[in-house]
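For reference, the structure discussed in these notes is given below.
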Amino acid sequence: MLNQFSDSELSAYLEEDLDADRASILEEMLVADTGLQHRLQRIRQQIAVGEHSLGAIWRQHNLSCPTREVLGGYLLGILSDEQNLFIKTHIETRGCLTCQANLTDLKEQQTQNQEKLTARTTRYYKSSIGHFSQHRDKD
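The sequence shown begins at 11 in our numbering and counts up by one.
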């Protein structure tokens with residue numbers, strides 16, 4: 011059910027790693043649901059004393075996150091369909107904030123590199139116009 015939260019989602023919420031839409035729903039439910047409040051408090055205490063679930067450790071160390079090189083391949087469209095699907099699911103469905111930030115950074119770098127390339131090409135073209143027109147006049 012959409013409004014049911016697993017312990018791993020509650021743990022992700024405490025680590026500020028839960029998708030924003032799900033976090034919003036959870037916060038609304040916490041106001042009226044004392045059972046959910048108690049579960050969240052229990053998980054908070056487990057984290058405080060060092061009890062970590064496998065899922066929490068997995069998220070904390072970003073074990074399922076693709077590298078920046080793989081994310082770059084995703085932006086360039088050179089990955090296999092399976093890799094593209096995994097990354098899309100990881101970023102859009104799971105809502106991995108680390109990968110979203112990396113992807114945003116890579117997109118900005120890509121835009122900056124394209125702007126530099128365009129400026130360089132324009133500069134080369136402008137500096138070559140006189141050279142080519144002189145050769146054309148001699149012919």
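Note that the Cβ used here is the ideal one computed from N, Cα and C, for glycine as well.
Y23 burial status per 10 Å Cβ neighbour count (16 or more: buried): So Y23 ends up on the buried side.
Given 8 Å, three or more beta-carbon pairs between the segment 22–39 and the segment 104–112: Yes: at least three Cβ pairs fall under 8 Å.
Residue burial classification, S21 (beta-carbon count within 10 angstroms, cutoff 16): Burial call: buried.
Any alpha helix (DSSP H) of 4 or more consecutive residues that is wholly inside the segment 28–81: Within the segment 28–81, the complete alpha helix (DSSP H) runs of at least 4 residues are 30–42, 44–58, 64–70.
Simplified DSSP state of Q122, which is helix, strand or coil: Reduced to three states, the DSSP call for Q122 is helix.
Sub-8 Å separation of L50 and L64 beta-carbons: Going by C-beta atoms, L50 is not nearer than 8 Å to L64.
Per-residue burial, Y84 [other beta carbons within 10 Å of its own, 16 or more giving buried]: With 16 or more other Cβ atoms from the protein chains shown falling within 10 Å of its own Cβ, Y84 counts as buried.
Spatial distance of L36 from Q124 (CA atoms): Near 41 Å, if we compare the C-alpha coordinates of Q124 and L36.
Which of helix, strand or coil DSSP assigns to E102: Reduced to three states, the DSSP call for E102 is helix.
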